[in-house]
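Here the structure is laid out as structure tokens; the discussion comes afterwards.
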Amino acid sequence: MDEPRIIVALDVSSTTQALSLASKLNPALCRLKVGKELFTAEGPAFLEKLMHHEFEIFLDLKFHDIPNTVANACKVAAGLGVWMINVHALGGRKMLLAAREALPNKSTKLIAVTLLTSMGNEDLRDIGINTSPQDTVKQLALLVNDCGLDGVVCSPLETNQLRQTIPNHFLLVTPGIRPSDGQLDDQQRVATPTQAIKNGSDYLVIGRPITQAGDPMLALQQISNDIKA
Ligand code: C5P
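According to numbering that gives the first Met the number 0, the sequence shown is numbered sequentially starting from 0.
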């Protein structure tokens, strides 16, 4: 069977809600993303419960600190047995290299957030960055690749541009995914699952279209069938 390309964002605040949702999903069709809220509330023991149910985990803690601190945090996070972790590319070359060196056997994938999609032109000006968000994302993605990380998180509307400049083995992980008949919620720049895969996404991070569906397993199955087709 092909590996799952869908990562379901478990954006809930309690173990009970998260485990109830996980029990409605199939680990053969998806991985799970656990973020700061759930991990801060429930900790490593909760991850073990999810892994016990055969789910692979993307631990989305977006580390950003001095190189030594990030390297040690990455080592501990990978030691939890998760499938993927991430850092902020804006931490710079030395931090990215230290994170890479902290995980020499590469059994946990290490990716970086380029620029938060909540940051627009004005936000960049505020912090003294005078290039456009698109150019900033491209420059950061090239840096991340140069430092030997496995890939980046980016908008599905940026994947085409990145695929043209960065080799194929570099993973592009994209949130902002909405089925064509789905609600946008608070997402602005979205693509359908099929468009995102066609544009070069390797993994799709999908939250509400699956977690808030009347039948989450059915929603997951439909999206999974669409992208296979
Ligand atoms: O519910 P929805 O599909 O919008 O969830 C998307 C997930 O991806 C959320 O966990 C959100 O925090 C995350 N994400 C995002 N945009 C980014 C980075 C992460 O939507 N640029």
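The beta carbon of each residue, even a glycine, is placed where N, CA and C say it ideally should be.
Query: Asp1 vs Lys32 beta-carbon contact at 7 angstroms; Result: no
Query: Of the listed residues Leu20, Ala72, Val112 and Val11, nearest to Ser154 (C-alpha basis); Result: Val112
Query: Local conformation of Gly34 per DSSP, three classes; Result: strand
Query: First and last residue of the uninterrupted alpha helix (DSSP H) at Thr164; Result: Thr158 to Thr164
Query: Within 7 angstroms, strictly: CB atoms of Ala77 and Leu96; Result: no
Query: Any non-hydrogen atom of the ligand C5P within 6 angstroms of Asp180 CB; Result: no
Query: Selected residue, minimal CA-CA separation from Pro3, among Asp122, Ile205 and Ala212; Result: Ile205
Query: C-alpha distance - Ala212 paired with Val7, whole-angstrom precision; Result: 12 angstroms
Query: Cutoff 6 angstroms; reference Tyr202; Cβ partners in own chain excluding five residues on either side; Result: Arg4, Ile6 and Val172
Query: Residue from Cys29, Leu156, Glu100 and Gln138 whose Cα sits closest to the Cα of Gly175; Result: Leu156
Query: Cβ contact (3+ pairs, closer than 8 angstroms) linking the region 56-74 and the region 131-150; Result: no
Query: heavy atom of the ligand C5P below 6 angstroms from Pro174 C-beta; Result: yes
Query: Helix, strand or coil at Asn85 [DSSP, three-state]; Result: strand
Query: Between the CA atoms of Thr14 and Phe45 - distance to the nearest angstrom; Result: 7 angstroms
Query: Asp122 beta carbon near the ligand ATP (any heavy atom closer than 6 angstroms); Result: What this structure holds is the ligand C5P, not the ligand ATP.
Query: heavy atom of the ligand C5P below 6 angstroms from Gly206 C-beta; Result: yes
Query: Whether Phe57 touches Ala72 by CB criterion (7 angstroms); Result: no
Query: Of the listed residues Lys105, Gly150, His51 and Pro192, nearest to His87 (C-alpha basis); Result: Gly150
Query: Burial state of Thr130, where buried means 16 or more other Cβ atoms lie within 10 Å; Result: exposed
Query: Helix, strand or coil at Cys153 [DSSP, three-state]; Result: coil
Query: beta-carbon Thr116 near the ligand C5P non-hydrogen atom, thresh 6 angstroms; Result: yes
Query: Rounded straight-line distance, which links the Cα of Phe54 to that of Asp10; Result: 16 angstroms
Query: Three-way DSSP call (helix, strand, coil) for Phe54 in this model; Result: coil
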